[in-house]
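Using our numbering, count along the sequence shown one by one with no gaps and you end on 198. Ideal placement from N, C-alpha and C gives every residue a C-beta, glycine not left out.
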Amino acid sequence: MMISDIKERVPMQALLERYGIQLDRKGKALCPFHKEKTPSFGLYGQRFHCFGCGASGDIFDFVMMQEGISLPAAMEKIDTLFGLGLLGRKMTVRQRQNLREEERRRKAARKIEEKKEEKWKSAYFECADRFREAEKDVADLSPKTMEEPLSDAFADAVSRLFYAEIEMEEMEKEREKDVRQS
Ligand SMILES: [Zn+2]
């Protein structure tokens, strides 16, 4: 199958370099799919993932998203960019059907990934809200003088802040694990 032939020959990082994306020492770069100031786009094996906008995929997804083209067009693009010469001959009907099937599966897979991403984001933002609220309470309720005793409300706010922070860290770890597996 041509998909795997191309994949074998073109490492994700080489493709990114073709598109002018250089990874920094931490293996991160500014995401080409959304505006950002700190890099949240990175490589996980042969897949890219952005923690900012949730964009992810392999070399074909990258070219499809970057150029706004279909899978067959992305294959041709990569074939040309890297001079692979794999698509020199005309595709057979069977190959075209396989490609369409592959494209359909990709779209479905991306939808599932997007849904998962949405769910994660809303849970994370909910937690971040609680964190900010606790942070504000801690500031408001902290004793203003050395003599003022610590109130229960202050102690409660401190513990809410503590747990919200742990929860957010756990969620970030979970997601990073998820990304590595996909
Ligand atoms: Zn992004």
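beta-carbon residue i near ligand 1 non-hydrogen atom, thresh 6 Å
i, result
"His65", "no"
"Ala71", "yes"
"Gly101", "no"
"Gly84", "no"
"Gly36", "no"
"Gly61", "no"
"Cys210", "In the structure displayed, the chain extends from 17 to 198; residue 210 sits before or after that span and is not available."
"Gly43", "no"
"Gly68", "yes"
Pick from the options that is closest to residue i, judged by C-alpha positions
i, options, result
"Glu149", "Arg176, Lys44 and Glu133", "Arg176"
"Asp21", "Lys189, Gln38, Leu100 and Glu134", "Leu100"
"Pro48", "Leu32, Leu103, Asp40 and Glu129", "Leu32"
"Ser29", "Phe67, Glu181 and Asp74", "In the sequence under discussion, the amino acid at residue 29 is Gln, which differs from the Ser named in the question. Checked all of Phe67, Glu181 and Asp74; the closest Cα to Gln29 is Asp74."
"Glu188", "Cys66, Lys93, Lys23 and Thr161", "Cys66"
"Gly70", "Lys51, Glu83, Gly84 and Ile85", "Lys51"
"Glu204", "Ser56, Val26, Ala180 and Gln82", "Here the chain has residues from 17 to 198 only, and residue 204 is not among them."
Sufficient close CB pairs (3 or more, under 8 Å) joining the segment 165–183 to the segment 138–156: yes
Specify whether the segment 100–116 and the segment 47–64 touch according to this definition: at least 3 beta carbon pairs, one from each stretch, less than 8 Å apart. no
Determine contact between the segment 34–44 and the segment 125–143, defined as no fewer than three beta-carbon pairs at a distance below 8 Å. no
Tell me the start and end of each unbroken alpha helix (DSSP H) in the segment 71–154 that is at least 4 residues and wholly inside, in chain order. Counting whole runs of 4 or more residues, the segment 71–154 contains the alpha helix (DSSP H) stretches 75–83 and 87–97.
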